[in-house]
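Report on the following structure.
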Amino acid sequence: MPVLPRRLAAPLCVALVLPLVAGCRSNLGARTVEPAGQHYSIALSRAWAGPMLLNLVRLRYRDTLQFLTVNNVVTQYNYGASGTAALTFDFDGSTDGVAGGGLEYSESPTITYTPLGGEAFVRRMLTPLSPEGLMLLSNAGWSIERLMMCCVSSVNGLENALNAAGPTPDYPPIFGDFKRLAWLLRQLQKAGLFRTSIVGEDVYAHLYESDESPYREQIAEVRQLLSLTGDTRRMHVDNEYRPDEPGEIALVGRSLLAALFDLSRGLKTTAQHAQAGLVTITPSEDGTPLDWWEAMSGILRIHSSRERPANAFVSLPYRGYWFYIEDSDLHSKATWALLTYMFSMQASSGPGGGPLLTLSAN
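Oh and the sequence shown: position 308 is 298 in my numbering, straight run, nothing missing.
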């Protein structure tokens, strides 16, 4: 085996180590951006989901609400590299070289939370959703049934459980005709026979005639429920009820707080807490406990269990139980996404109100 002269061995070892160390350090900051952005995006989504579920559970138990928002995330990445080289000389004149290197990594995140409150925030929480905002969501492909059951208080005098817009009532709500109307409009929407449009500041709903059964009968029933006269196919949608004007639909939206109260009824009450009087049990018309899941068309189902759920979309512990939404419950997850958009539209802190993520790599 050839032996390196002493004057060449040490420089060669160092020359081999330094490119390796430099290669490890090269563009580390740039390489951090994409994975860090993905990880923090997931983390921020969870940071919103957990508190929102907690607030829905709190509303069911009539506990105090508290909203927090992530305002700022600053994280500092520190990288270090080191290299070593050594030579050993034997008595027979042979020379051995040893080279080594190392990397150090640390992350120091700082997250700023801000409680949401004050007069402006309360006004946004109590302001009814506008017909225009609801129709924009409908035009974007959202189910008109989901939008109506979640976000609308009444349509042409048909009530959507008005007494459920606050704490859980102890007397039966009125919602039968409204729920039937929402279901019918969804069937017509899927068939392309019900659409909405926005012209300037005016909102319109369109009912298209069909010779096919059962759509012909469904369209006639919709007209009857809405008290529409004649064969008007384009109806003007406003938030004021004008029963004497044909072709008018009065759609009164819920406030975000009212929608949250209503969605909180998607929590399946534990028998222990019901017996302890921790939640209000609403009677149905026949006196039996009202099944809110059925009353709400199952748009949101919040389960509870003693053990931590294994496959939950979002979960949290509260009052000795785990409350969660099943990951396979796509119906509830769609409503959850709708709630996210509603909160962004109504309760955001203004332009640029989203959290600012700053990544710094040294």
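Note that the Cβ used here is the ideal one computed from N, Cα and C, for glycine as well. Small disclaimer: the values here were computed from a predicted structure and weren't measured.
Residue from the options with nearest C-alpha to residue i
i	options	result
Thr102	Leu58, Tyr198 and Lys258	Leu58
Gln214	Gly237, Glu230 and Val193	Gly237
Tyr331	Arg48, Ala130 and Leu171	Ala130
Met139	Tyr308, Ala327, Ala285 and Pro204	Ala285
Thr222	Phe184, Ser203, Glu191 and Arg244	Phe184
Asn301	Val212, Glu207, Asn45 and Asp319	Asp319
Ser295	Trp132, Thr259, Asp276 and Ala327	Thr259
Ala264	Cys141, Leu148 and Thr158	Thr158
Ile239	Ala155, Leu197, Ser254 and Val112	Leu197
Gln179	Tyr194, Lys169 and Ile134	Ile134
C-alpha gap between residue i and residue j, whole angstroms
i	j	result
Leu246	Gly108	16 Å
His293	Thr219	44 Å
His226	Ala266	49 Å
Leu349	Thr100	Confidence in Leu349 is poor, its pLDDT being 48 and thus under 50, which makes the residue's placement unreliable; the coordinate value appears in the next sentence. Between Leu349 and Thr100, the C-alpha separation is close to 11 Å.
Tyr311	Ser305	10 Å
Leu174	Gly277	28 Å
Gly39	Tyr314	The sequence shown places Ala at residue 39, rather than the Gly named in the question. Cα-Cα distance, rounded: 11 Å.
Leu43	Glu202	43 Å
Leu257	Ser287	13 Å
Cys141	Ala249	6 Å
Arg290	Lys323	One point to set straight first is that residue 290 is Leu, not Arg, in the sequence displayed. Rounded to the nearest angstrom, the two C-alpha atoms are 8 Å apart.
Arg48	Arg244	20 Å
Met335	Leu328	11 Å
Ala356	Asp192	Since the first and last residues shown for the chain are -9 and 352, residue 356 lies out of range.
Ser274	Gly190	43 Å
Ala261	Ile271	11 Å
Leu127	Tyr308	33 Å
Gln152	Thr54	Looking at the sequence shown, residue 152 is not Gln but Leu. Going by the C-alpha atoms only, they are around 22 Å apart.
Glu199	Arg255	37 Å
Arg52	Leu268	9 Å
Arg136	Thr325	7 Å
Thr104	Gln56	11 Å
Terminal residues of the beta strand (DSSP E) in which residue i lies
i	result
Trp173	Taken as a continuous stretch (DSSP letters only), Trp173 belongs to no beta strand (DSSP E), being part of the alpha helix (DSSP H) at Gly166 to Lys180.
Three-state secondary structure (DSSP) of residue i
i	result
Val11	With a pLDDT of only 46 at Val11, under the threshold of 50, the placement of this residue in the model should not be trusted; the figure read from the coordinates follows. Reduced to three states, the DSSP call for Val11 is helix.
Arg206	helix
Ala154	helix
Pro121	helix
Tyr161	coil
Leu257	strand
Ile292	strand
Leu268	coil
Ser217	coil
Thr102	strand
Ser356	As displayed, the chain neither begins before -9 nor continues past 352, which places residue 356 out of reach and without an answer.
Ser322	helix
Leu44	helix
Leu183	coil
Leu247	helix
Leu137	helix
Leu58	strand
One or two residues paired with residue i in a DSSP bridge
i	result
Ala302	Glu316
Ala240	Asp228
Thr149	Per the sequence presented here, residue 149 reads as Glu, with Thr not at that position. Paired residue(s): Ser144.
Tyr331	None; Tyr331 has no bridge partner.
Val193	Ile188 and Val227
Tyr308	Tyr311
Limits of the unbroken alpha helix (DSSP H) element including residue i
i	result
Met115	Gly108 to Leu116
Ala285	Trp282 to Ala285
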